[in-house]
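Single-structure report; data block below.
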Amino acid sequence: MLELRQLCKTLPGTPPRVLFDCLSLRVEAGECVAIVGESGVGKSTLLNCIAGLEPIDGGEILVGPSRIDRLDDDAMARLRRSHFGFVFQAFHILPHLDLLQNVALPLWLLGESEAAAVERARAMLARVGLGGRAGDPPQQLSGGELQRVAIARALVHRPHLVLADEPTGNLDPGRAADVLDLLLGQIRDSRAAGVLVTHSRAAAARADRVLELRADGIHDITGRA
Amino acid sequence: MSQQGFAAPRPEAPGTLPAPSWRGFGWINGLARVILLAAALMAGVARAQDDPAPYPPVLAGTPLVFPRDFGAHPDYRTEWWYITGWLRDAAGVERGFQLTFFRVRTRIGEDNPSRFAPSQLVLAHAAVADPATGRLRHAERSGRSYPGLVEAQEGRTAVQVDGWSLTGGETVDAPYHSRIEAEDFAFELSFTPDRAPVLNGRAGFSQKAPDAINASYYYSRPQLAVSGSLRLEGAAVEVKGHAWLDHEWSSEILPAGARGWDWIGINLHDGGGLMGFQMRNGEGRAIWGAGTLSDARGEATALGPDALRFIPLRRWRSPRTGIEYPVEWTLALADGRRFRLQPLMDDQELDSRASTGAIYWEGAVRLFSIEDGEAGPREREVGQGYLEMTGYAERLRM
Amino acid sequence: MNASLRRVFLASLLRRRLATALSLLAIALGVALGLAVQLIHAAALDEFGRGVRLLAGEADLQLVGPRDGFDEAVFVRLALRPEVAVASPVLEIEARLPGRDDSLRILGVDLFRVLRVQPGLVPLAEAAGGDGDGSEARFAALRPDRIFLTDDARARLSAPHRGSDGALQPPALEARTLRVQSGVTGFSLELAGRVPGAAGVLGVMDIGAAQQHFARIGVLSRVDLKLAEGVSTQDAIAALSPLLPPGLALRAPEAAAGEVGTLSRAYRVNLTMLAAIALLTGAFLVFSTQLLSVARRRREFALLRALGLERRQLMQGLLAEGAVVGLVGGVFGVALGHALAAGAFRLVGGDLGAGFFRGLAPALQFDAGLSLGYLLLGVLAGVAGTWLPARAASQVPPARALRAGEGERAGLPQGPARSRPAVAMLGLAALACTLPPLGGIPVGGYAAVVGVLAGTVLALPALARAVLPLLGRRRGVTWRLAHARLAATPGQAVVAGAGVIASVALAVSMAIMVSSFRVSVDEWLTQVLPADLYVRASSSSGSGYLDPQALARIAAVEGVVSVDTTRLINLRLSDAEPLFSVLARPAHGNWGLPLVSGAMTPVAGGEGLPPVWVSEAAADRHRLQRGSRFELPLGGRLQAFTVAGVWRDYARQHGAALIESRDYLRLTGDDRVNDAALQVAPGTPPAAVAEALRARFGAEHITVALPGEIRALSLEIFDRSFLITYLMEAVAVLIGLFGIATTFAALATTRQGEFGMLRHLGFTRAEVGRLIAVEGALTAGLGVLAGLLAGGAIAWVLIEIINRQSFHWSMELAVPWAALGVFAATLVVLAALVARIAGRHAMQRSAVLAVKADW
């Protein structure tokens, strides 16, 4: 579903810092890959490169059969809205929208009719266990609940690829496990490919594969975590 | 110097009648001279435009008629009523005073129905010589004639400018009243005559220069009894004294070449009066002079151009202006009588540069007769009056 | 505050340079406008007062009366009084200059009295070969055909004059010959010299000559009195006033300046109010930016609080920020105010185009007290704008603020919109409208304006709640998002829109008021100018006039059917009041009278008194209505009239009365007239008659105008006098737009996470920009809507309360719908643009990546 071929990225500066060189990676539909690594090694940058938010210096990125690394800004945005889902460390639930609206946001963006959007968003909220709170404002929610909303938003439009950057970074360990289970379960259920950046080995362990990003490249450490 | 002047032979003036007085011209030299100049200037313009009536000439043989001629003669170019005298208060302090009202016909705006038309101007000047002050207090008022406020009426003496006035002369015996209210002095005085007016010159025709065109109508009223009040500072004091009034009107009065003049008007202790003047040219020499000597009844003797001579005796330099004035004179009459003029105080200079620009000397004087006795000349005070000296500033400037 | 704290707070201003700069600019503009109005007025008044003092010289008192002068008999009466040392009569002539539409003020003076009372007016001759000691000049000044001019006058008169129609008019002074006009005849005066002690455009000549030349025999305009030593002015006024005929008054020369001050006071207060609203808008702006800045720094503050910063210190620090913005803005404002005033002098003159100080050339002066006062106002605006945000920030529990996810919503007013304070405020405004004016100033009206503004700002959230559902949400995602955001946080609308409301309300109310005024004036002009042709020799106070001979010559022109005349004189009804106008004209004829009450027919009975029709201002001031008795000092006596009607008069703010020509002639014997209205025979073109009249009198001696021309000229003057108001409106609107800009610039920074998230979700760069623009448009739209509503209400207050009480004139409401529509739409579009530009930061790469950077 997602394939990185010979990806190169160098951070500008004096001297320029090579972040990754000829990095290759493949994630299948329904598979969740966790990427761990030390701070500053380039985990988030990798995620941003995949999302098309940061340019790459070499290599290819494919989603399904299509190369996306040559798409322009707007085409990339359109691609993201239909095929990508995102979960952030800081939730980024819009405070001025209620939960349902927050979840419906990607559907709105895809131009779905209001009725269909509401129906799907409601169903999605139910799937993350917040079915009864569709009309609530986000202010009343706890961090874990907010991240559930975020997960619902990331999956409501059935994306092919879900990118999650430290999704449990702002949560206490108990909540983190629940949320992570939910996220991974939902990704698998919707047959999407998932890439999870985290530096929590515990979190990473729940993924199908765990890769460690190091200065010398990416290494599969599944099971060793 | 006096000897020289006295000895010098003098040409006879035409005619033997007493020459007119220039007095008042002292002031004209200051403020009024300018008016005359301007009036002449304006007269020229006025003539060119709509030719108002000309100034009537002063002619010999025109009889003066009183009380009519006590009043104003608005057709003539200039006219003045001039009073000088000595005052004595209850404490015996003696002071001199002087009061003049001028009338000038400008020949401007005579066709203008506006009451503000400046066809006639009235100007007044007053001064008090107080030895305690050491110098003169003086003030002036001037204005265009305006009914009820600034006037020189005909038929009797009635001149006023703003609050200042001189009235009287309803009859030949009628007293005059004057009222002056200045910033640092004031007086309200009555002047009572005891005789008919003394006509100067040829029955009131007073020649001013060798050319008879320079002449005025001129009479004097010597020995006026004065009473009234004088205020210098604080309260007014009652005063008594004697005064001399001149009234003169003319159209062409200034002789050419005149630089200045010296004039006296003395009330003699014997009840008579002495008026005399000399007019000086640029070199300080007398070019004309005349006088009138009258007795206690008013009988006048005219003194011709050579009948009276002024000889400077002592000079005083003004600390303010640096001008030197001969404040003491010897007077020599052709009949051999000699007199000495001595000022009440030296500093009776009038410095009105701030207002009219005029600087001259005008003050109270005593007249002493000089009689040759066995032990040298003997002096006796024979009268009190006023001396006026003009034209010294100009000479200084030259 | 110690150095490190100073770094924490004040340095923050430097970090958000744009917002700080805009707040600063807004305060600077508010301060500058207010200060400029005061400076201009002070300079003009000062110049006027200086002129008066110069001309009055050492006078202790001045006898003043009707502008056309009074019988000189009173002069001698005063001059002879012991209280008076010198009385100096003056005849003032506003000499018409043939062929030019400016005039020369000529003072006819008595040289001998001027010397003692008004040395500034003493003329100095420039006689050829003069000895230069000045004495000659004094007597040249008596000559009837001579005039002495100030250097200003000489320069002005020797130069061509740009007429009101733009054409160049010839010099009035050529080869030392000045052409002036009396009646319908021109004549020459010879330039004799200067008036070295006086300034301004002024001529001096002999009073007797002036009376003769200008046919004012027996008339004086003024008598300046120098009092005798030791006499106080109060004693003198008490002793002398009984001697005065009705309509004359004694007053200190300084009072003239005060009178002019009174004349222009209402206008000035109006302008100051506009400036105050600009400053208020500036304070709103500080409020917006500080609120957002505080929101953005919540965590910073929480951290500082957690580290031991006292609540009071935090508050002080934030207030210091506001004060610094206010201070710097104030300093700029003071400088700008002086620059504006200097520019205004050059462009519109010292009267701000209102015509109160014609002919003055005031110099700008630095007024330390005034400048300091306005500087403090700037600081006050800064501190006041910061107060609420600072208080809110200091009251936030540090623990909560430190939590993640607080950033996006922090600081924005939340919670249900409460409408009670808004309703109370609007109620108070309505109550304030019922208050009577205080000293001629409509205090209640101004209070109502403030109340309406405050009430509207408070009602904005409720308005947003009420309006947003009507807008619908079934549109694109950007619309839905913007809509949802505004609906959920109407407080943000208040923050961003408050400035918009104030400025839009101001602009809209002024637009409605000016439009109503203009429409009413236009209508009024049509009513008062029903004739075919109008003839005048000069404006009312000028030396040109029409006498019976001239009128006969006019009537004899072929095609003239009837001639009706107007005599306009200005009287003094009491010491305290400005000049009062009396128009003598046939009540029925070629002049129209726009009655608002009463009738053209005299009151039956009416005690046998002649009828008078009074203007609204006169009716207000003197409490007159049909049937009332009204006395006017005419011909040196008080003459009683019966009021027959009240008419609308936009020309004379301080009251006017109309009486029948024949009554005026009977009471005063004055047979000269100012204007003649002609009826032209049907079929004869009025323009042909106008040509014939010009040929008969000389085109340079009379002005012949068609009603259309007078109307056009009047409206042009009208528009010019409102020029400054337009300028201030524009500035206020600009400041309102700044509000949008700063709010959105700040929001873009605060909402970096949000915009970054949206970009992740698939928003294109353009869509984010559109979202910001739509939000800006919606916010501005709400602000504009509220501003329109408030503006409408304020317009009503302006028309019915403030104008009525300040100027005593009524007008019909005329709303310029189309212009307002265009204005509102433009503003919304501009706001969208401004928001979009301000928010460009949100579309940058770094912003996109900001989702990660969560502190």
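Chains as they are written, first to last, in this note's numbering: chain C, 1 to 225; chain A, 1001 to 1398; chain U, 2001 to 2855. Here a beta-carbon is modelled for each residue, glycine too, at the ideal position from N, C-alpha and C. The structure presented is a predicted model; accordingly, all values stated were derived computationally and were not measured.
Taking residue i as the query, report the chain A residues whose CB atoms sit under 8 angstroms from its CB, ordered along the chain.
i, result
"residue 2079/U", "1149, 1162"
"residue 2144/U", "1108, 1109, 1112"
Could you name the residues of chain C that residue i contacts, counting a contact when the two beta carbons are closer than 8 angstroms?
i, result
"residue 2763/U", "77, 81, 109"
Suppose the cutoff is 8 angstroms on Cβ atoms and the five residues either side in sequence are ignored; what does the same chain contact list for residue i look like?
i, result
"residue 2542/U", "2094, 2095, 2096, 2103"
"residue 2676/U", "2534, 2535, 2536, 2546, 2551, 2554, 2563, 2564, 2565, 2566"
"residue 2570/U", "2066, 2067, 2068, 2540, 2541, 2579, 2580, 2581, 2582"
In this structure, how does DSSP classify residue i when only helix, strand and coil are distinguished?
i, result
"residue 2485/U", "helix"
"residue 2374/U", "helix"
"residue 1069/A", "helix"
"residue 2835/U", "helix"
"residue 2726/U", "helix"
"residue 2517/U", "helix"
"residue 2082/U", "coil"
"residue 2099/U", "coil"
"residue 49/C", "helix"
"residue 2446/U", "helix"
"residue 2184/U", "coil"
"residue 2388/U", "helix"
"residue 1211/A", "coil"
"residue 2601/U", "coil"
Closer than 9 angstroms by beta-carbon distance: list the chain C residues that pair up with residue i, in chain order.
i, result
"residue 2743/U", "The premise fails here: residue 2743/U is roughly 15 angstroms from chain C at the closest Cβ pair, so nothing lies under 9 angstroms."
Assuming residue i and residue j make a contact with CB atoms under 8 angstroms, what is their CB distance in whole Å?
i, j, result
"residue 1138/A", "residue 1350/A", "6 angstroms"
"residue 179/C", "residue 201/C", "In fact, because the Cβ distance is near 17 angstroms, the residues do not count as touching under 8 angstroms."
"residue 973/A", "residue 1345/A", "The structure shown does not extend to residue 973/A, since chain A spans only 1001 to 1398, so no value can be given for it."
"residue 1166/A", "residue 1142/A", "That belief does not hold up - the Cβ atoms of residue 1166/A and residue 1142/A are roughly 15 angstroms apart, past 8 angstroms."
So, at 7 angstroms on beta carbons, what are the nonlocal neighbours of residue i in its own chain, with the 5 sequence-adjacent residues on each side left out?
i, result
"residue 1073/A", "1079, 1249"
"residue 2336/U", "2028, 2032"
"residue 2794/U", "2449, 2452, 2505, 2509"
"residue 27/C", "1, 2, 33, 193, 195"
"residue 2520/U", "2811, 2812"
Near residue i, what residues of its chain come up, given a Cβ to Cβ distance below 6 angstroms and the 5 sequence neighbours on each side ignored?
i, result
"residue 2436/U", "none"
Are the C-beta of residue i and some C-beta of chain D separated by less than 8 angstroms?
i, result
"residue 2808/U", "Chain labels in this structure do not include chain D; the protein chains are C, A and U."
Name the chain U residues that come within less than 7 angstroms of residue i, Cβ to Cβ?
i, result
"residue 244/C", "Lying before the first or after the last residue shown, residue 244/C is absent from chain C, which here runs from 1 to 225."
Identify the contact partners of residue i in chain U, using a Cβ-Cβ distance below 8 angstroms as the criterion.
i, result
"residue 106/C", "2761, 2762"
"residue 51/C", "2760"
Strictly below 9 angstroms CB to CB, what residues from chain U border residue i?
i, result
"residue 86/C", "2757, 2760, 2761, 2851"
What does residue i reach in chain C if we use C-beta pairs closer than 7 angstroms?
i, result
"residue 2753/U", "90, 92"
query = For the region 2481 to 2496 of chain U against the region 2717 to 2727 of chain U, are there 3 or more C-beta pairs whose distance is under 8 angstroms?
reply = no
inquiry  = Whether or not the region 1087 to 1096 of chain A and the region 1057 to 1076 of chain A are in contact is what I'm after, with contact meaning three or more pairs of Cβ atoms, one per stretch, closer than 8 angstroms; do they touch?
reply    = no
task = Report yes or no: do three or more beta-carbon pairs, one from the region 2786 to 2806 of chain U and one from the region 2493 to 2512 of chain U, lie closer than 8 angstroms?
result = Touching, yes, given that three or more Cβ pairs across the two stretches are closer than 8 angstroms.
inquiry  = I'd like to know if the region 2651 to 2658 of chain U and the region 2571 to 2582 of chain U are in contact, where contact means that at least 3 CB-CB pairs between them fall below 8 angstroms.
reply    = Yes: at least three Cβ pairs fall under 8 angstroms.
ask   = Looking at C-beta atoms only, is the number of pairs between the region 2240 to 2253 of chain U and the region 2695 to 2702 of chain U that lie closer than 8 angstroms three or more?
value = Counting Cβ pairs under 8 angstroms, fewer than three are found: no touch.
ask   = Are three or more beta carbon pairs between the region 2633 to 2646 of chain U and the region 2659 to 2677 of chain U nearer than 8 angstroms?
value = yes
request  = Say whether the region 1330 to 1347 of chain A touches the region 1296 to 1311 of chain A, bearing in mind that this needs 3 or more beta-carbon pairs closer than 8 angstroms, one atom from each stretch.
outcome  = yes
request  = Check whether the region 1285 to 1294 of chain A touches the region 1206 to 1216 of chain A, taking contact to mean three or more Cβ pairs, one atom from each stretch, closer than 8 angstroms.
outcome  = Three or more pairs of CB atoms, one per stretch, sit closer than 8 angstroms, so the region 1285 to 1294 of chain A contacts the region 1206 to 1216 of chain A.
task = Report yes or no: do three or more beta-carbon pairs, one from the region 84 to 95 of chain C and one from the region 2462 to 2471 of chain U, lie closer than 8 angstroms?
result = Fewer than three pairs of CB atoms, one per stretch, sit closer than 8 angstroms, so the region 84 to 95 of chain C makes no contact with the region 2462 to 2471 of chain U.
key: the region 2032 to 2045 of chain U in contact with the region 2364 to 2379 of chain U per 3-pair CB rule at 8 angstroms   = Yes, they touch.
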